[in-house]
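Enquirer: First residue of the sequence shown: 698, per the numbering used here; consecutive thereafter. No residue lacks a Cβ here, since even glycine has one placed at the ideal position from N, Cα and C. The following block contains the structure, expressed as structure tokens.
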Amino acid sequence: MAYPGGPSKLRRAPERGRLWEVTENLAVYEVKSPKALGANASGANLQGSAAERIGPGVTVARWCCRACRTDLGFMSKNYKIGCRRLDAAIQSANPNIGDWRRYIDDEPVFRQFFCPGCGRLIENEIARKSDDLLQDIEWMSTGRIGSAED
């Protein structure tokens, strides 16, 4: 799977690098070397925009699976794009739902997002079949990752 800002060939966060836990299954890590992302020394040729650079120099934040550290893309993008996705009938979320046509016009789906590296369930959502992916976590630049206690 290749897309601008997404994972390529199941890149992984460095084993000794620090992870910042976001949810039970999702984390963020920093890439301090632009060459690790295929850029030249000035940071040019990075996929994505300058908004993906945080702090001084060329430090880039990326999503990853907390279990196996598989990269899920730039932190400024929706991490769900880097996941494997399974769309199922709404009854998969709850068998007691019954016929959705009695209540709404648009068909709902139960979307599940899995880590492409280890298969761990990262997130799920219920949406209309025609809806775009919900971006439930969005990055707001503060100049660094982590909390004041780091």
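1. For Glu822, collect the residues of the same chain with a Cβ closer than 7 Å to its Cβ; drop the 5 residues on either side in sequence, then sort them by chain order.
2. Roughly how many angstroms separate the alpha carbons of Gly649 and Leu723, rounded to a whole number?
3. By how many angstroms is the C-alpha of Val806 removed from the C-alpha of Ala785?
4. At 3 residues or longer, what runs of the beta strand (DSSP E) sit wholly inside the segment 778-838?
5. If you drop the 5 nearest sequence neighbours on each side, which residues of the same chain put their C-beta closer than 8 Å to that of Glu712?
6. Where Ala710 and Pro813 are concerned, what is the direct C-alpha to C-alpha distance, given to the nearest angstrom?
Expert: Per the coordinate set shown:
1. Here the question's residue 822 lines up with position 125 in the sequence shown. Within the same chain, Glu822 has close Cβ partners Arg808 and Leu831.
2. Because the chain here runs from 698 to 847, residue 649 falls outside it and cannot be looked at.
3. The count along the sequence shown starts at 1 and reaches residue 785 at position 88. The count along the sequence shown starts at 1 and reaches residue 806 at position 109. Straight-line Cα distance between these residues: approximately 6 Å.
4. 781-786, 805-811 and 818-825
5. Taking the sequence shown and counting its residues from 1, the one referred to as residue 712 is at position 15. Excluding residues within five positions, the ones whose Cβ falls inside 8 Å are Arg766.
6. In the sequence shown, the residue the question calls residue 710 occupies position 13. In the sequence shown, the residue the question calls residue 813 occupies position 116. Each residue's alpha carbon lies about 14 Å from the other.
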